[in-house]
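Encoded as structure tokens, the structure appears first; notes follow it.
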DNA sequence: TTATTATTTGTAAGTACTTACATAAATACT
DNA sequence: AGTATTTATGTAAGTACTTACAAATAATAA
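The following block contains the structure:
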């Protein structure tokens, strides 16, 4: 049984390549058939030059949807076979202006005839099938230009992960995970400070007994994310100790933790949430922004060396 | 305006390649998304090995529709990344039997999850379009396996050429063309003999006045083919001087000339057509066969050195 | 058993593109 | 006018395959 039938559209790319390769080699056969000393890959460039002489490399590239590098190489090949002549641009000396040579012009009618035959054969071929490949390609290119495969897959996965992530309340048994996840990311970018260790080693004393909360996220049977609320005063809490394991990053787990923390803070009667971070941590900042946090103008001094930005979220209503 | 819209399906190959390239690069993005240290091109091989361990290189290649060389390279890569282990076959020492390594086995569940997500996203993508790309590829592969693009184009062109070829009756003005075309092919394979020159220089005396006929084929304003009937006796004619210019070969012009000659011979009252050729000339022999000629068992001596095969066609009815 | 042929694999080089980088000419900015 | 930036191009190297070739082992014929 064919591998592709089993795996299905997940291997769409591989399958497309296979068809592309057969099409390309069969196209080469067609040129042999007409005894034309011509390679299929020259076609788009040659055709453009024949129809509109005086265009330059970048211009041609844009028209046929390839890179200038590809066109440059093809033009070099065509020139080597005396099918085109290349001149410097008159007004702009950087440009390589391409035109058909005598030999190229002589070849053009035969190539046009051949193209007409190929076109007719291909159209008959397409008419033979129930699902039109040409139109299908067009639609697929459009669909992918609107939203890439990556973001489509990501959307699907995020949806699935959201269902599979469990938010846990902190128990003393979670202390090692709580410490591990935080130390992990701090060491990746900075060094662990004394203030960190106090809170990470004794969360009960330094966070919970002072009126704070700790949230954990479990995914695939493992604790992969943490987040804490530190009580500042009756209506202000600090969002801190936000950490997500690198293997689980990009799954929207930080966002879920953040949202849960905000809900929790509201329940505790908070009117304002505050946090400190570092401008180096781009993904974290964009997460905080997505949660509604905005940069504060005048900041208090921070106990952490690594912090150079402060943000807050006002919980009105 | 897009080049492909203008040129149309003639550039199907180029366009397929463009889509293949975007699909491939977007697939690579998906692997990044999952933090999998994995390249898209490994997928078919890895998947096969995971599902059915103990298969060898050639076996895998056949299953996924690629060459053994491609599989060999991918396996080498996978082994370098410790994702598979390769062992010599037990019974057959030539075989490279592939199985997942521990690291590969650990990766497999994540890859399966990812594949499921991609599959779902792709299926949604395909459902979005009116013309289903997956099915279109399938149909196109089938259509091309039944008849290649080359032979489809050839069939179309032959039809067109048949309309454009004109068969002319010989006039003395044609003698130079008649000689040129024959000398051209004889010199390509053999050397011109005295017997040739007599008939080619004085066709009137050696062919027509002895009751024979000469036919010429004109295509694109030029004489590109010749063929002659030499009278042997009242009911027997020899088909000779069959020549088609190399630039016009493969267009079915020889077949048209042959058919016209047979019709002519019938009109002259022939019951039997005879010809001499050489077994080196494969295309010519297949043409004669297609016209109905069959090899004769006992042959008369030929005046030409180059002839080592004789064929005949009996014109009953 | 030995010689020949076929099978299995690996390696090198080619294909039709791409991205990344380098260089020269043109344009914009002080 | 002189410098910085942008634009146009060419070249090199990479990609995911292919074909072509070479070498080793297995199967078959003599």
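Chains as they are written, first to last, in UniProt numbering: chain Y, 1 to 317; chain B, 1 to 317. Glycine included, C-beta positions come from ideal geometry on N, C-alpha and C.
Within 9 Å, strictly: CB atoms of residue i and residue j
i	j	result
residue 165 (chain Y)	residue 217 (chain Y)	yes
residue 295 (chain B)	residue 309 (chain B)	yes
residue 207 (chain B)	residue 306 (chain B)	no
residue 128 (chain Y)	residue 99 (chain B)	no
residue 315 (chain Y)	residue 133 (chain B)	no
residue 46 (chain B)	residue 11 (chain Y)	no
residue 84 (chain B)	residue 118 (chain B)	no
residue 123 (chain Y)	residue 130 (chain B)	no
residue 242 (chain Y)	residue 252 (chain Y)	no
residue 248 (chain B)	residue 221 (chain B)	no
residue 13 (chain B)	residue 27 (chain Y)	yes
residue 64 (chain Y)	residue 3 (chain B)	yes
residue 250 (chain Y)	residue 35 (chain B)	yes
residue 68 (chain Y)	residue 79 (chain Y)	no
residue 29 (chain Y)	residue 148 (chain B)	yes
residue 136 (chain Y)	residue 136 (chain B)	yes
residue 41 (chain B)	residue 75 (chain B)	no
Best match in the options for proximity to residue i [C-alpha to C-alpha]
i	options	result
residue 329 (chain Y)	Y:280, Y:11, Y:276, Y:284	A query on residue 329 (chain Y) cannot be resolved here, the shown segment of chain Y reaching from 1 to 317 and no further.
residue 313 (chain Y)	Y:260, Y:272, Y:287, Y:281	Y:272
residue 89 (chain B)	B:53, B:102, B:207	B:53
residue 280 (chain Y)	Y:63, Y:190, Y:32, Y:44	Y:190
residue 230 (chain Y)	Y:221, Y:293, Y:214, Y:245	Y:214
residue 255 (chain Y)	Y:159, Y:112, Y:86	Y:159
residue 24 (chain Y)	B:178, B:73, B:194, B:141	B:141
residue 101 (chain B)	B:86, B:192, B:201, B:232	B:86
residue 155 (chain Y)	B:69, B:33, B:304	B:33
residue 111 (chain Y)	Y:61, Y:131, Y:39, Y:77	Y:39
residue 31 (chain Y)	Y:113, Y:136, Y:199, Y:274	Y:113
residue 246 (chain B)	B:268, B:59, B:29, B:188	B:188
residue 180 (chain Y)	Y:244, Y:287, Y:97	Y:244
residue 97 (chain B)	B:120, B:106, B:233, B:59	B:59
residue 169 (chain Y)	Y:227, Y:195, Y:147	Y:227
residue 6 (chain Y)	B:152, B:195, B:116, B:80	B:116
residue 304 (chain Y)	Y:146, Y:195, Y:282	Y:195
residue 121 (chain Y)	B:262, B:153, B:95	B:153
residue 77 (chain B)	B:62, B:104, B:95, B:55	B:104
residue 167 (chain B)	B:285, B:57, B:72, B:260	B:260
residue 145 (chain Y)	B:22, B:223, B:137	B:22
residue 297 (chain Y)	Y:41, Y:56, Y:311	Y:311
residue 171 (chain B)	B:56, B:223, B:125	B:223
residue 95 (chain B)	B:55, B:219, B:41	B:55
residue 37 (chain B)	B:57, B:108, B:126, B:66	B:108
residue 233 (chain B)	B:219, B:125, B:264, B:269	B:269
residue 274 (chain B)	B:66, B:262, B:82	B:262
Outcome for residue i when other beta-carbon atoms lying within 10 angstroms are tallied against a minimum of 16
i	result
residue 162 (chain B)	exposed
residue 157 (chain B)	buried
residue 341 (chain Y)	What is shown of chain Y runs 1 to 317, which leaves residue 341 (chain Y) out entirely.
residue 197 (chain Y)	exposed
residue 106 (chain B)	exposed
residue 192 (chain B)	exposed
Would you list, in chain order, the members of the UniProt domain "N-acetyltransferase" (176-316) of chain B that have their beta-carbon closer than 7 Å to a beta-carbon of chain Y? For the UniProt domain "N-acetyltransferase" (176-316) of chain B, which is checked against every Cβ of chain Y, the residues closer than 7 Å are 247, 250.
Give a yes or no on contact between the segment 73-93 of chain Y and the segment 17-25 of chain Y, applying the rule of three or more CB pairs nearer than 8 Å. With a cut-off of 8 Å, the segment 17-25 of chain Y and the segment 73-93 of chain Y do not count as touching, because too few Cβ pairs lie within range.
How do the segment 221-240 of chain B and the segment 201-212 of chain B stand: do at least 3 beta-carbon pairs fall below 8 Å, yes or no? Using a C-beta cut-off of 8 Å, the segment 221-240 of chain B makes contact with the segment 201-212 of chain B, since at least three inter-stretch Cβ pairs fall below that distance.
If you pair each beta-carbon of the segment 164-180 of chain B with each one of the segment 194-204 of chain B, do three or more pairs fall below 8 Å? Three or more beta-carbon pairs drawn from the segment 164-180 of chain B and the segment 194-204 of chain B are found closer than 8 Å, and the two stretches are therefore classed as touching.
So if I threshold CB-CB distances at 7 Å, which residues from the segment 128-153 of chain Y count as touching chain B? Against chain B - using a Cβ distance shorter than 7 Å - the residues of the segment 128-153 of chain Y are 128, 129, 130, 131, 132, 133, 134, 135, 136, 137, 139, 140, 141, 143, 144, 148, 149, 150, 152, 153.
What residues from the segment 62-94 of chain Y come within 7 Å of chain B, judged by C-beta to C-beta, listed N to C? Taking 7 Å as the Cβ-Cβ cut-off, the segment 62-94 of chain Y approaches chain B at 63, 64, 65, given in chain order.
Listed from N- to C-terminal order along the chain, which residues in the segment 38-57 of chain B have their beta-carbon within a distance smaller than 9 Å of any beta-carbon of chain Y? Considering only beta carbons, the part of the segment 38-57 of chain B lying closer than 9 Å to chain Y consists of 40, 41, 43, 44, 47, 48, 51, in chain order.
May I ask you to list, following chain order, the residues of the segment 15-33 of chain B that have a beta carbon less than 7 Å from some beta carbon of chain Y? Listed in sequence order: 15, 16, 17, 18, 19, 20, 22, 23, 24, 26, 27, 29, 30, 33.
Just by C-beta distance, which residues in the segment 108-127 of chain B are closer than 9 Å to chain Y? Of all residues in the segment 108-127 of chain B, those with a C-beta nearer than 9 Å to a C-beta of chain Y are 113, 114, 115, 116, 117, 118, 119, 120, 121, 122, 123, 124, 125, 126, reading in chain order.
Please name the residues in the segment 154-169 of chain B whose beta-carbon is closer than 9 Å to at least one beta-carbon of chain Y, in chain order. So the close ones are 154, 155, 156, 157, 160.
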